[in-house]
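Shown next, in structure tokens, is the structure this report addresses.
In structure tokens, the structure reads:
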């Protein structure tokens with residue numbers, strides 16, 4: 114064991130004078146492995162104490178708690194600017210999402226305002242050549258820019274890649290028509306591409322008047338009422354679940370055209386939830402254990418922890 118004075122000397126040369134281990138070994142006439150051992154010994158004895166002055170302590174703390182509670186692989190928590198909350202959230206999502214475009218070639222996307230905002234923030238310089246496929250049909254006759262088809266097209270344009278189009282409504286009124294649409298070669302081919310995606314980008318749908326499917330005209334008021342009466346709190350990729358994360362099979366499921374979350378063969382599922390997220394629906398979605406990664410605002414992360422009984 115080295116004496117404390119020698120440990121301090123080596124530590125000063127390395128941490129304060131920025132000498133390399135090789136330079137220290139030459140200066141003091143000792144071997145490089147000995148320098149390495151002395152630096153480790155100095156840390157073990159508390160002579161050297163390393164601290165990180167991070168401006169992200171609060172966000173990192175929230176992310177770690179969410180990862181632990183919901184068994185998530187990665188959580189990104191973002192502090193948003195007061196006067197541009199949505200735009201700030203989209204920009205930060207893009208910053209962390211873009212590098213994954215180089216890792217995953219086949220990307221599937223769901224519909225939703227948040228994903229559309231993220232798509233529009235992607236830089237034109239990405240150019241990774243990914244293929245993008247929509248996970249659901251056209252949701253009603255309003256809010257066309259929030260459709261999965263449009264999001265896939267926008268991301269493909271910015272990434273210099275290709276995109277598929279799912280030419281079918283999200284919801285039909287006749288279950289028999291739904292079965293026929295699934296059998297259509299053009300539709301079944303796109304759905305099969307979605308099942309084989311490497312990365313799936315999804316939002317969490319609420320079951321109320323704020324639902325994108327309701328606002329776009331796909332769901333009727335009676336659909337919302339029926340789903341609520343069955344204890345369903347949210348939807349994700351044409352799948353419905355209750356607040357405990359148990360999947361449900363309401364009658365409306367037979368009339369939806371799209372990929373269910375259980376159909377992915379190996380995709381990493383990445384969910385996005387801004388300040389407007391329904392915390393009850395988000396909690397239920399995470400409790401399904403089907404989400405791998407999550408991007409969320411600080412306010413929503415705090416509300417989610419509180420909803421889950423965490424201080």
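Residue numbers (this note's numbering): 114 to 424.
By construction, the Cβ of each residue, glycine as well, lies at the ideal position given by its N, Cα and C atoms.
Here the structure is a predicted model, which means the values were calculated and not measured.
Residue 153, buried or exposed, once every other Cβ within 10 Å from all chains shown has been counted against 16 = By the Cβ-count criterion, residue 153 is exposed, with fewer than 16 other Cβ atoms from all chains shown falling within 10 Å of its own Cβ.
Where does residue 207 sit, in a helix, a strand or coil, going by DSSP?
-> Reduced to three states, the DSSP call for residue 207 is helix.
Whole angstroms is fine: what's the gap from residue 248's alpha carbon to residue 170's?
-> Residue 248 and residue 170 have their alpha carbons spaced roughly 36 Å apart.
Expected contact under 8 Å - CB spacing of residue 310 and residue 220 to nearest Å = Right, their Cβ atoms sit about 6 Å apart.
Assuming residue 148 contacts residue 134 (C-beta within less than 8 Å), just tell me the rounded distance between them.
-> Beta-carbon to beta-carbon, residue 148 and residue 134 are separated by about 5 Å, close enough to satisfy the 8 Å threshold.
Work out the CA separation of residue 415 and residue 145 for me, nearest whole Å.
-> Spanning the two alpha carbons is a distance of roughly 48 Å.
In terms of residues, what are the limits of the beta strand (DSSP E) holding residue 314?
-> For residue 314, the enclosing beta strand (DSSP E) begins and ends at 312-316.
Could you pull out every unbroken beta strand (DSSP E) segment of at least 3 residues lying fully inside the segment 187-243, listed in chain order?
-> Complete beta strand (DSSP E) runs here, min 3: 187-191 and 219-222.
Helix, strand or coil: which one does DSSP assign to residue 171?
-> In the three-state reduction of the DSSP assignment, residue 171 falls in the helix class.
Under 8 Å between C-beta atoms of residue 250 and residue 282 | Against a cut-off of 8 Å, the Cβ pair of residue 282 and residue 250 comes out as a contact.
Beta carbon of residue 265, beta carbon of residue 317: below 8 Å?
-> It is not a contact, given that the beta carbons lie outside the stated cut-off.
DSSP puts residue 382 in a beta bridge; with which residues?
-> Answer by DSSP bridge pairing, in chain order: 313.
Going by DSSP, what residues sit across from residue 99 in a beta bridge?
-> Outside the modelled stretch of the chain, which goes from 114 to 424, sits residue 99, for which no answer is possible.
According to DSSP, is residue 275 helix, strand or coil?
-> Of the three classes helix, strand and coil, the one that applies to residue 275 here is strand, per DSSP.
Secondary structure at residue 163, three-state DSSP: helix, strand or coil?
-> In the three-state reduction of the DSSP assignment, residue 163 falls in the coil class, being assigned neither a helical nor a strand state.
DSSP three-state assignment for residue 319, whether helix, strand or coil | Strand, per DSSP.
Sub-8 Å separation of residue 346 and residue 390 beta-carbons | At the C-beta level, residue 346 and residue 390 stay beyond 8 Å of one another.
Measure the C-alpha to C-alpha separation of residue 343 and residue 236 and round it to an integer number of angstroms.
-> Each residue's Cα considered, the two are about 43 Å apart.
What is the DSSP secondary structure of residue 421, counted as helix, strand or coil?
-> Residue 421: coil per DSSP, three-state reduction.
Who are the near neighbours of residue 242 in its chain, counting only those whose CB is closer than 6 Å to its CB and skipping five residues on each side?
-> Shown here for residue 242: same chain residues with a beta carbon closer than 6 Å to its own, the five before and five after excluded, namely 273 and 274 in chain order.
Could you spell out where the alpha helix (DSSP H) holding residue 124 opens and where it closes?
-> For residue 124, the uninterrupted alpha helix (DSSP H) segment begins and ends at 117-124.
CB of residue 396 within 8 Å of CB of residue 206, strictly = Against a cut-off of 8 Å, the Cβ pair of residue 206 and residue 396 comes out as no contact.
Roughly how many whole angstroms lie between the Cα atoms of residue 252 and residue 181?
-> About 34 Å.
Other residues of its chain near residue 138: CB distance less than 8 Å, five sequence neighbours each side excluded | 144, 145, 147 and 148.
Opposing strand residues paired with residue 288 [DSSP bridges] | BP columns for residue 288 are empty, so no partner.
Helix, strand or coil at residue 176 [DSSP, three-state] = The DSSP-derived three-state label of residue 176 is helix.
Cβ-Cβ distance between residue 368 and residue 286 below 8 Å | Yes, they are a contact pair.
Exposure label - residue 178; buried when at least 16 CB within 10 Å | Per the 10 Å Cβ criterion, buried.
Is the CB-CB distance between residue 380 and residue 312 below 8 Å?
-> With respect to the 8 Å criterion, residue 380 and residue 312 are classified as neighbours on the basis of their beta carbons.
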